[in-house]
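Single-structure report; data block below.
Numbering (our numbering), first residue to last: 65 to 182.
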């Protein structure tokens, strides 16, 4: 029987390496212990790269005010968070998702970025 295991945040992500990407949502996996959001992101040369961002559990997302329409496949969003420890991976731990209309939601743990209100 396959089993999944939970990991330590510090083992997978670097809280000192903030990342912010804008892209189009291609897939959303709402699951425990973490949800994942996948984006197609154009790099500086115009090449599309797939990025994956770990987010909170579905229950925690609902508590944060996230409704099902927030993660629409085909929507352009910006995700801010922490990069994966493995810098070669296009992955991160999402902290915030910003929709095209300007609405934003906290969808993951805080890294070592300064507070916006400081």
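Beta carbons are placed, not taken as given, at the ideal position from N, Cα and C, and that holds for glycine.
Model, not experiment: these values are computed from the prediction.
To the nearest angstrom, how far is it from the Cα of residue i to the Cα of residue j?
i, j, result
"residue 137", "residue 105", "14 Å"
"residue 117", "residue 131", "18 Å"
"residue 148", "residue 82", "10 Å"
"residue 115", "residue 128", "23 Å"
"residue 163", "residue 134", "8 Å"
How about residue i and residue j: do their beta carbons lie closer than 8 Å?
i, j, result
"residue 101", "residue 143", "yes"
"residue 188", "residue 97", "No statement about residue 188 is possible, as the shown extent of the chain runs from 65 to 182 and does not include it."
"residue 140", "residue 85", "no"
Tell me residue i's beta-bridge partners as DSSP assigns them.
i, result
"residue 77", "148"
* Output the residue ranges of the alpha helix (DSSP H) runs that lie fully inside the stretch 87 to 173 and measure 4 residues or longer, sorted by chain position. => 122 to 127
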